[in-house]
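Visitor:
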Amino acid sequence: MSHFRFTLRHMKRKVVGICLSLTLLQSPTPSLAADCQGAACIDVYTENGQLIIEGHKNTAPAPAPVPKRARVRSSIKPAPRPKTVKPRISVAPKRVAPHPVAPPVKAESLNDRLVRLVPAGDIAFAPATNAVAHIPVIFWSNLPEIFQTEVGVIGEVIDVSLRPSFLWSFGDGQFFLTTSVGAPYPRKDITHIYEKPGEYTLTLVATWGGTWARNGVSRTITGQIRKVSTKTIRINSAQSIFTG
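The sequence shown: position 137 = 137 (the UniProt record's numbering), numbered continuously.
(1) Between which two residues does the beta strand (DSSP E) carrying residue 50 extend?
(2) Which partner residues of residue 116 appear in the DSSP bridge assignment?
(3) Can you tell me where the beta strand (DSSP E) holding residue 150 begins and where it ends?
(4) Would you identify the three-state DSSP class for residue 143, choosing helix, strand or coil?
(5) Does the Cβ-Cβ distance between residue 233 and residue 193 come in under 9 Å?
(6) Out of curiosity, what's the CA-to-CA distance linking residue 199 and residue 140?
(7) Please work out which residues of its chain come closer than 6 Å, Cβ to Cβ, to residue 132, disregarding the five sequence neighbours upstream and downstream, and give them in chain order.
(8) Please report the residue range of the beta strand (DSSP E) in which residue 124 lies.
(9) Along the chain, where does the beta strand (DSSP E) that runs through residue 185 open and close?
(10) With C-beta atoms as the reference, is residue 51 less than 9 Å away from residue 123?
(11) Between the Cα of residue 35 and the Cα atoms of 225, 214 and 230, which residue gives the shortest distance?
(12) Measuring alpha carbon to alpha carbon, tell me which of 191, 55 and 217 ends up nearest residue 175.
(13) What do you reckon, are the CB atoms on residue 181 and residue 166 nearer than 9 Å?
(14) DSSP puts residue 235 in a beta bridge; with which residues?
(15) Rank 126, 112 and 149 by C-alpha distance to the C-alpha of residue 118 and give the top, closest one.
(16) If you draw a straight line from the alpha carbon of residue 202 to that of residue 185, how long is it in whole angstroms?
(17) So the candidates are 129, 126, 44 and 56; which of them puts its Cα closest to the Cα of residue 111?
(18) Note the first and the last residue of the continuous beta strand (DSSP E) segment covering residue 219.
(19) Straight-line CA distance for residue 227 to residue 47?
(20) From the DSSP output, in three-state form, read off residue 164 for me.
(21) Using beta carbons (cut-off 9 Å, strictly below), is residue 202 in contact with chain D?
(22) From this set, 54, 145, 188 and 144, which residue's C-alpha is nearest residue 127's C-alpha?
(23) Using the C-alpha atoms, what's the distance from residue 130 back to residue 218?
(24) How many Å lie between residue 152 and residue 158 at the Cα?
What follows is the structure, given as C-alpha cells:
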C-alpha cells in the first residue's frame with residue numbers, strides 16, 4: 001500500500017513538472033507596447049485561442065496656430081483726395097462654364113482588427129488496428145511544424161510566424177514532451193509501449209507561440225494558443241504461440 005502511495009505521489013509530481021516545462025518551452029516574452037512607426041501603430045497578440053492583429057493610424061493633434069500680432073492704428077487721418085469721375089463703359093457679362101463636381105472621397109479606415117485561426121490537428125498512430133501490448137506504437141500529428149501568414153493592416157504588411165510544441169498523454173499515466181510533429185513508419189520519432197491491453201484515451205496538447213515582423217523588425221507575439229485533440233486507441237493482448 002505504501003509503495004502505491006509513493007508511486008501515485010511521484011506520478012503527480014511528474015505531471016506538474018511536464019506541464020511547467022511545456023509552459024517554459026514556448027513562453028514568449030510579452031511585448032511592452034504596440035509597434036508605432038510613422039503614422040501607424042501595430043500590435044499582435046493572442047486572445048481566446050485566436051491570433052489578433054490590430055492596427056490604427058497614429059493621429060497626433062495638429063499644432064495650435066500662432067496668434068497674429070495686433071496692428072496699431074494711427075489716430076491721424078490723411079487729408080481726403082479729390083474724387084475723379086470715370087466714364088462708365090458697359091461690358092457684356094462673360095459666360096462661365098460650370099465647374100465639374102468631384103466624386104466623393106472614400107473615407108480611410110483609421111482602425112483595423114483581423115483574426116486568424118491556428119490549424120487544429122488530428123492524432124494518428126500505427127498500427128491503426130490490432131495494436132498489441134508490449135509492442136511499440138508509433139504516433140504522429142498532421143499539424144505543420146511552422147504556421148506562417150502575411151496580412152495587410154491599414155496599409156502595413158505584417159508577417160506572422162508560429163511554431164508548436166506538443167505534450168502527449170497516452171492515457172496510461174505516461175507523458176511525452178516534444179517539438180516534433182512525428183511521422184509514420186518507418187520513422188519512429190514518437191513511440192510508446194502499453195503494458196496492459198484495454199482502451200486508452202490519447203490527448204495531444206499543441207501550444208503555439210512565435211513572432212511577427214514589420215518592415216524587417218521582428219517582435220514577440222504576446223501570449224500563447226493551445227489546441228487540444230483526443231482519440232481512443234485499443235490495445236489487444238499479445239497472442240502466445242506454443243510449439244511442441
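Even for Gly, the Cβ is constructed at its ideal location relative to N, Cα and C.
Guide: Reading it off the structure:
(1) For this step, residue 50 is matched to residue 50 along the sequence shown. For residue 50, the uninterrupted beta strand (DSSP E) segment begins and ends at 50 to 57.
(2) Position 116 of the sequence shown, counted from the start, is the residue given in the question as residue 116. Answer is 51.
(3) Walking along the sequence shown from the start, residue 150 turns up at place 150. Residues 147 to 153.
(4) Against the sequence shown, residue 143 aligns to sequence position 143. Residue 143 falls in the coil class under three-state DSSP.
(5) For the purposes of this step, residue 233 is taken as residue 233 along the sequence shown, with counting starting at 1. For the purposes of this step, residue 193 is taken as residue 193 along the sequence shown, with counting starting at 1. The answer is no: Cβ separation not under 9 Å.
(6) Residue mapping note: residue 199 aligns to position 199 of the sequence shown, counting from 1. Residue mapping note: residue 140 aligns to position 140 of the sequence shown, counting from 1. The straight-line gap from Cα to Cα measures roughly 19 Å.
(7) Locating residue 132 in the sequence shown gives position 132, where the first residue counts as 1. Within the same chain, residue 132 has close Cβ partners 236 and 238.
(8) If you number the sequence shown from 1, residue 124 lands on position 124. Where residue 124 is concerned, the enclosing beta strand (DSSP E) stretches over 123 to 126.
(9) On the sequence shown, residue 185 is found 185 positions in, with the first residue counted as 1. It is not in any beta strand (DSSP E) - residue 185 carries neither H nor E in the DSSP assignment.
(10) On the sequence shown, residue 51 is found 51 positions in, with the first residue counted as 1. On the sequence shown, residue 123 is found 123 positions in, with the first residue counted as 1. The answer is no: Cβ separation not under 9 Å.
(11) Numbered from its first residue, the sequence shown carries residue 35 at position 35. With distances taken between Cα atoms, residue 35 lies closest to 214.
(12) For the purposes of this step, residue 175 is taken as residue 175 along the sequence shown, with counting starting at 1. Nearest of 191, 55 and 217 to residue 175, Cα basis: 191.
(13) Residue 181 sits at position 181 when you count from the first residue of the sequence shown. Residue 166 sits at position 166 when you count from the first residue of the sequence shown. For residue 181 and residue 166, yes; Cβs fall inside 9 Å.
(14) For this step, residue 235 is matched to residue 235 along the sequence shown. According to DSSP, residue 235 bridges with 131 and 198.
(15) Position 118 of the sequence shown holds residue 118. Comparing Cα positions, the closest option is 149.
(16) Position 202 of the sequence shown holds residue 202. Position 185 of the sequence shown holds residue 185. Roughly 19 Å between the two C-alpha positions.
(17) The residue labelled residue 111 in the question sits at position 111 within the sequence shown. Checked all of 129, 126, 44 and 56; the closest Cα to residue 111 is 56.
(18) Taking the first residue of the sequence shown as 1, we reach residue 219 at position 219. Here the beta strand (DSSP E) through residue 219 covers 217 to 220.
(19) Start at 1 with the first residue of the sequence shown, and residue 227 comes out as number 227. Start at 1 with the first residue of the sequence shown, and residue 47 comes out as number 47. Approximately 13 Å between the Cα atoms of the pair.
(20) Taking the first residue of the sequence shown as position 1, residue 164 is located at position 164. Residue 164: strand per DSSP, three-state reduction.
(21) Although the question refers to chain D, the structure presented lacks it and comprises just one protein chain.
(22) Translated into positions along the sequence shown, residue 127 becomes position 127. Check the Cα spacing between residue 127 and each of 54, 145, 188 and 144: the tightest is with 188.
(23) Residue 218 sits at position 218 when you count from the first residue of the sequence shown. Residue 130 sits at position 130 when you count from the first residue of the sequence shown. Each residue's Cα considered, the two are about 48 Å apart.
(24) Looking up residue 152 in the sequence shown gives position 152. Looking up residue 158 in the sequence shown gives position 158. Approximately 6 Å, taken between the alpha carbons.
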